[in-house]
Amino acid sequence: MNESSIGDALIFSVYEDLGFAKNVFFTVVILIYSATIIANFSLMFFIYLDSSLHKPMYIFLFSLTLNGLIGSTAVWPKVMHILTTNTPTTLYEGCLIQSFFILLYGVCNYSILTVMAYDRFVSLFHPLHYHTIMNPPKVKQLLIVAHFVPALLILGQTGLTSQLTLCKYTIHKLFCDNLGVSSLSYGSKVQSHLTNLYGVCAITVLVALPVLLILLSYVKIILLILKASGNARKKAFETCSPHIIVFINFSLATPFSVIYNRINRFLPTEAIIFVSINYILVPPLLHPIIYGIKTKEIRQSVSKNKTIKTVFNL
Numbered sequence: 001m002n003e004s005s006i007g008d009a010l011i012f013s014v015y016e017d018l019g020f021a022k023n024v025f026f027t028v029v030i031l032i033y034s035a036t037i038i039a040n041f042s043l044m045f046f047i048y049l050d051s052s053l054h055k056p057m058y059i060f061l062f063s064l065t066l067n068g069l070i071g072s073t074a075v076w077p078k079v080m081h082i083l084t085t086n087t088p089t090t091l092y093e094g095c096l097i098q099s100f101f102i103l104l105y106g107v108c109n110y111s112i113l114t115v116m117a118y119d120r121f122v123s124l125f126h127p128l129h130y131h132t133i134m135n136p137p138k139v140k141q142l143l144i145v146a147h148f149v150p151a152l153l154i155l156g157q158t159g160l161t162s163q164l165t166l167c168k169y170t171i172h173k174l175f176c177d178n179l180g181v182s183s184l185s186y187g188s189k190v191q192s193h194l195t196n197l198y199g200v201c202a203i204t205v206l207v208a209l210p211v212l213l214i215l216l217s218y219v220k221i222i223l224l225i226l227k228a229s230g231n232a233r234k235k236a237f238e239t240c241s242p243h244i245i246v247f248i249n250f251s252l253a254t255p256f257s258v259i260y261n262r263i264n265r266f267l268p269t270e271a272i273i274f275v276s277i278n279y280i281l282v283p284p285l286l287h288p289i290i291y292g293i294k295t296k297e298i299r300q301s302v303s304k305n306k307t308i309k310t311v312f313n314l
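Just so we're aligned, residue 1 is where the sequence shown starts under our numbering, counting upward by one.
#1: Taking 8 angstroms as the limit between beta carbons, can you name the residues of its chain near residue 236, skipping five residues before and five after?
#2: Between residue 30 and the rest of its own chain, which residues show a CB-CB distance below 7 angstroms, the 5 nearest in sequence each way excluded?
#3: Just the Cα atoms here: how many angstroms apart are residue 51 and residue 119?
#4: For residue 183 and residue 23, I'd like the C-alpha separation in whole angstroms.
#5: On the criterion of 16 or more Cβ atoms from any shown chain inside 10 Å, does residue 319 qualify as buried, or is it exposed?
#6: Going by the DSSP bridge assignment, what does residue 11 pair with across the sheet?
#7: Exposed or buried, residue 13, counting other C-beta atoms within 10 Å across all chains shown (16 or more means buried)?
#8: Count the other C-beta atoms from every protein chain shown that fall within 10 angstroms of the C-beta of residue 141, then say buried if there are 16 or more, exposed otherwise.
#9: Would a C-beta distance cut-off of 8 angstroms place residue 46 and residue 298 closer than the cut-off?
#10: If we ignore side chains and look at the alpha-carbon of each, how far apart do residue 54 and residue 60 end up?
#11: According to DSSP, is residue 63 helix, strand or coil?
#12: Hey, residue 110 and residue 211 are a contact pair by Cβ (cut 8 angstroms); roughly how many whole angstroms apart?
#13: Please list the segments of the alpha helix (DSSP H) lying wholly inside the segment 153-231, counting only runs of 4 or more residues, in order along the chain.
#14: Excluding five sequence neighbours on each side, which residues of the same chain lie with their C-beta closer than 8 angstroms to the C-beta of residue 143?
#15: Return helix, strand or coil for residue 17, following the three-state DSSP convention.
Given below as structure tokens:
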């Protein structure tokens, strides 16, 4: 880390524009964040306790749910602290840490969704060999790749960003992200080019490639479903539809986030809040709800759970 930047305080200018809307915004954030915690922990709880859900599909879903919690917790407790204490500042080191976890959340969503698409592909195209292909060692390997490859590449990106020198101290955002920190910094031409080149390569590997693989797998899956008989088609669609909905939901939020990072200085406060909520607050809330509603095995697990029946006297 560039020693000249250690201990510097950065200011989030967006909070100054909220005015009396701070209380409303705080209420919205705490309600949605609380619902996110409850929904995600509930889903993880059912997957952990119910042995019938100890299958690759649900292990990957557990990982996706955990990633949503990490992304939400990297942002919203800090946002709520700022709103309640009226201190819209953060240390440079804290900003880098937050930007690391936000970027990790985004790219891990795609890597885990890619692994889940592969799982669905194998289950539909190689049903007789599914358990042989998706054996426990293979599942562990896929999870390691889905988490540690993004973490290592993002750590490299954050390390390169940290070597730049701060020249500005005001961020027109609700929280820190890598592009926001980079826009406040400067370095030599070599440093700047290296950081930008690394970022482009990392995004290609971590976002563009997974999206392409997911799309290709689902083109083949959809073609297979269209050729299947009525019952087989219905079963295949029920198996794949939650994943497709979650993928579309997150993919629709990502372009807004990219555009927002490029032009956020020209956006009104309301637009910044909308994009921030749509990217990091809404998806982690919707994902467990979508899987809970659309997945038959999870609904069955909830209905037969003795703890739930005791609490609600069912």
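Where is the CB? At the ideal position from N, CA and C, for every residue including glycine.
The relevant details are as follows:
#1: Mapped onto the sequence shown, residue 236 falls at position 236. Around residue 236: 124, 221, 224, 225 and 228.
#2: As a working mapping, residue 30 is identified with position 30 in the sequence shown. 80, listed in sequence order.
#3: Within the sequence shown, numbered from 1, the residue matching residue 51 stands at position 51. Within the sequence shown, numbered from 1, the residue matching residue 119 stands at position 119. About 19 angstroms.
#4: Within the sequence shown, residue 183 is the residue found at index 183, counting from 1. Within the sequence shown, residue 23 is the residue found at index 23, counting from 1. Approximately 30 angstroms, taken between the alpha carbons.
#5: Examination of residue 319 is not possible in this model, given that the chain is present from 1 through 314 alone.
#6: Position 11 of the sequence shown holds residue 11. BP columns for residue 11 point to 89 and 170.
#7: What you label residue 13 is simply residue 13 of the sequence shown in a count that begins at 1. When all chains shown are included, residue 13 counts as exposed.
#8: For the purposes of this step, residue 141 is taken as residue 141 along the sequence shown, with counting starting at 1. Label assigned to residue 141: exposed.
#9: The sequence position of residue 46 within the sequence shown is 46, counting from 1. The sequence position of residue 298 within the sequence shown is 298, counting from 1. In contact: residue 46 and residue 298 (Cβ atoms closer than 8 angstroms).
#10: Position 54 of the sequence shown holds residue 54. Position 60 of the sequence shown holds residue 60. Each residue's alpha carbon lies about 10 angstroms from the other.
#11: In the sequence shown, the residue the question calls residue 63 occupies position 63. If DSSP states are grouped into helix, strand and coil, residue 63 belongs with the helices.
#12: Counting from 1 along the sequence shown, the entry for residue 110 is found at position 110. Counting from 1 along the sequence shown, the entry for residue 211 is found at position 211. Contact flag correct, Cβ pair sits at about 6 angstroms.
#13: 178-183, 189-203 and 209-227
#14: As a first step, residue 143 must be located in the sequence shown, where it is residue number 143. 59, 60, 63 and 115.
#15: Here the question's residue 17 lines up with position 17 in the sequence shown. The answer is helix: DSSP assigns residue 17 an H, G or I state.
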